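The sequence shown begins at 3 in this note's numbering and counts up by one. Beta carbons: idealized from backbone N, C-alpha and C, even for Gly. These figures come from a predicted structure and were not determined experimentally.
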Amino acid sequence: MALLALLTACSAARIGFNNGSTVSYWWLNSYVDFDGDQKPWVKQHINDLFAWHRKTQLRGYAELASKIQRRDLSTVTRDELLADYEDGRTRVLAFSDRAAPELADLALSLSSEQIGNIEEKLEKNNAKFRKEYLQGGKEKRQEFRYKKMMKQAEYWFGGFSREQEAKLRQLSDARPLNNELVFDNRVQRQMALIDLLKKIHAQRPSHEEVVRMIRSYVASANAHFGNKSHQAFFESTTNANAALVAEMMHMATPQQKSHFVKTVQDWITDFNRLSAEASS
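Below, the structure written as structure tokens:
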């Protein structure tokens with residue numbers, strides 16, 4: 003499931019990778035509000051990163067998706083899905099590592115006002131998170147999570163029968179649920195980012211040092227800043243998600259399996275085409 007989520011998060015291949023540079027620029031600009039001097043080189047940095055990604059990474063995505071496509075869904079195990087997740091996660095982290103020098107340029111260029119813009123945007127996002135995830139009791143939160151999961155599942159497998167939906171609801175509800183902890187982890191990550199940007203702005207370290215600081219931040223965020231309770235929760239959530247998807251695959255009908263294979267093939271085709279275009 004993590005791989006499927008990763009693929010979805012990449013922005014749909016047909017749209018995201020063709021328009022990703024523009025979308026990424028406007029997304030960043032909504033946080034920072036770039037000035038006239040920043041706009042040209044920020045756009046160029048983004049274009050360069052997407053070109054590198056198309057040329058060097060998409061073949062690997064296609065290979066990973068092909069491995070999943072060839073697997074017998076009726077016998078797939080949770081551990082196999084967890085291995086797929088780690089493979090996909092490593093590939094995503096490779097992008098953040100490659101982007102560190104460009105991110106250092108951006109961090110060094112930010113004014114105190116722009117850092118304030120980022121703080122304000124993050125707080126608006128947090129207000130939305132509170133509204134969607136921190137309202138109501140356990141049953142309401144489980145229902146909300148189940149519906150989001152089913153929307154993703156239907157994209158990959160098509161429709162489900164009532165019996166399948168009932169089973170999936172049981173598996174969904176059995177997953178760890180602690181939205182307050184998720185929110186705390188989110189805020190911790192944001193505060194660490196703002197502290198980092200303010201430190202860079204105040205101390206004006208070398209570009210090489212900022213690259214190191216950014217990579218250290220990414221590593222710390224991925225390790226949940228050493229918070230043992232957060233680490234345990236997210237690890238158990240990942241395991242539960244993998245177990246849920248394994249059961250989803252086991253119960254898939256021939257029609258649903260066919261839908262899954264075709265959907266994955268669409269991604270493989272797009273990854274290969276975009277990679278070939280970048281290499282030509």
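Buried or exposed for residue i, going by 16 or more other Cβ atoms inside 10 Å?
i, result
"Trp29", "exposed"
"Ser174", "buried"
"Gly90", "buried"
"Gln40", "buried"
"Met250", "buried"
"Leu95", "exposed"
"Ser277", "buried"
"Gly139", "exposed"
"His252", "exposed"
"Ala254", "buried"
"Asp197", "exposed"
"Tyr157", "exposed"
Which class does residue i belong to by DSSP, given the choice of helix, strand or coil?
i, result
"Leu199", "helix"
"Leu9", "Annotation note: pLDDT 42 at Leu9 (below 50); position unreliable, coordinate value reported separately. In the structure shown, Leu9 sits in a helix (DSSP, three-state: H, G or I)."
"Phe36", "coil"
"Thr24", "helix"
"Arg73", "coil"
"Phe236", "helix"
"Pro256", "helix"
"Gln166", "helix"
Do you know how far the Cα of residue j is from the Cα of residue i?
i, j, result
"Val284", "Phe97", "Beyond the ends of the chain as shown, which are 3 and 282, falls residue 284; an answer cannot be given."
"Gly160", "Gln258", "6 Å"
"Ser26", "Glu210", "24 Å"
"Leu183", "Gln154", "23 Å"
"His203", "Gly118", "12 Å"
"Leu136", "Phe146", "11 Å"
"Asp107", "His47", "9 Å"
CB residue i to CB residue j, shorter than 8 Å?
i, j, result
"Thr265", "Tyr87", "no"
"Lys133", "Ser32", "no"
"Ala280", "Ala53", "yes"
"Asn274", "Arg177", "no"
Below 8 Å on the Cβ atoms is my guess for residue i versus residue j; work out the distance and round it to an integer in Å.
i, j, result
"Leu51", "Ala101", "6 Å"
"Leu170", "Met152", "7 Å"
"Ile120", "Val34", "6 Å"
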